[in-house]
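Following: one structure in structure tokens, then a few remarks.
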Amino acid sequence: MTTYLATWTGWFLSDDGYGRHWADGRGGTWSWIPAPLRSLWHYEYLVYDFNVGLHTPHKYQSSPWSWLVQGRPVLFDYQSPKPGRDGCTTSVDCSQTVLALGTPLLWWAACGALLYLLFRWALRRDWRAGAVLCAVGAGYLPWFLYQDRTVFSFYAVVFVPYLCLAVAMTVGAILGPPGADRRRRAQGAVAAGALVLLIAWNFIYFFPLYTGETIPYADWHSRMWLDTWI
1 MTTYLATWTG WFLSDDGYGR HWADGRGGTW SWIPAPLRSL WHYEYLVYDF NVGLHTPHKY
61 QSSPWSWLVQ GRPVLFDYQS PKPGRDGCTT SVDCSQTVLA LGTPLLWWAA CGALLYLLFR
121 WALRRDWRAG AVLCAVGAGY LPWFLYQDRT VFSFYAVVFV PYLCLAVAMT VGAILGPPGA
181 DRRRRAQGAV AAGALVLLIA WNFIYFFPLY TGETIPYADW HSRMWLDTWI
């Protein structure tokens, strides 16, 4: 709680922040709580009330069920530069895209990693696996209560660090336990290294879609691995 409130320091210190003085001079049951904290609570309530009541259809909205597999990323911008313009060096139109798509292989690996951590926690009572699962669940599961409202896949950003921890724990398991023989460790190192290199390559491959880089249309289309990404 202290850390969260600290992130609002600028708002607390401002004199014209949105809703900053809402509670000033207001009485009521909770008047014993400092006015700035009540103003913040009211601000957060307005944000919550707006978002749970948002049902306007959107082309790039998605169900929480699809977030882990990046089923429907959000397109922030798409341009089609003509040949000879904006870095388009081909004889046909090019593409410039800013797509809120996570590195696919990392996310898909995370799906498998979560299953592994569930096994570690349920059958081996590994508290580390349980801690990561709880963190992912805290950021992910509440969204299933609001499947009828307009939500987007980039909301998953809040638990991305814990998905990375899940992958890291799984990579550690692939490497093998400390007491494993040399052959087992070598095989594990090859497998883990291959996974890491594939994910790194995958990020580089999709990098043009993250940055609005001008690329041939065919190159853009070849990166649309799923029809739902278009």
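Okay, so the sequence shown: first residue is 1 according to full-length UniProt numbering, each after it adds one. Built from N, CA and C at the ideal position, the CB exists for glycine as well.
If we require 4 or more residues per run, which alpha helix (DSSP H) segments fall completely within the region 95-159? Listed in chain order, the complete alpha helix (DSSP H) runs (minimum 4 residues) inside the region 95-159 are 104-124 and 127-140.
Suppose the cutoff is 7 Å on Cβ atoms and the five residues either side in sequence are ignored; what does the same chain contact list for Tyr48 look like? Taken in chain order, the list of residues that qualify is empty.
Quick one: is Phe159 buried, meaning 16 or more other Cβ sit within 10 Å of its Cβ, or exposed? With a 10 Å radius around the Cβ and a threshold of 16 neighbouring Cβ atoms, Phe159 comes out buried.
With H, G and I counted as helix, E and B as strand and the rest as coil, what does DSSP make of Asp93? It is coil, neither helix nor strand.
How many angstroms separate the CA atom of Val132 from the CA atom of Arg26? Roughly 42 Å separates the two Cα atoms.
For a quick check, are the C-beta atoms of residue 247 and Trp67 less than 8 Å apart? Any property of residue 247 remains undetermined from this structure, which presents the chain solely from 1 to 230.
Inter-residue Cα distance where the pair is Trp8 and Phe50: Straight-line spacing of the CA atoms in Trp8 and Phe50 works out to 20 Å.
7 Å Cβ shell around Met224 - same chain, five flanking residues per side excluded: Answer for Met224: Ile230, listed in chain order.
Nearest candidate by alpha-carbon position, reference Gly84, set Met1, Val92 and Tyr78: Looking from the CA of Gly84, the closest CA among Met1, Val92 and Tyr78 belongs to Val92.
DSSP-derived helix/strand/coil call for Tyr60: Assignment of Tyr60 by DSSP, reduced to helix, strand and coil, places it in the coil class.
In the DSSP assignment, what residue or residues form a beta bridge with Asp77? Note: Asp77 is bridge-paired with Val98 in the DSSP secondary-structure output.
Just mark Pro104 as buried or exposed, buried being the case when its beta carbon has 16 or more other beta carbons within 10 Å. Pro104 is buried by the Cβ-count criterion.
Exposure label - Cys94; buried when at least 16 CB within 10 Å: Taking a 10 Å sphere around the C-beta of Cys94, we find 16 or more other C-beta atoms and assign the residue as buried.
Determine the extent of the alpha helix (DSSP H) in which residue 233 is found, giving its start and end residues. As shown, the chain starts at 1 and ends at 230. That puts residue 233 outside it, with no answer to give.
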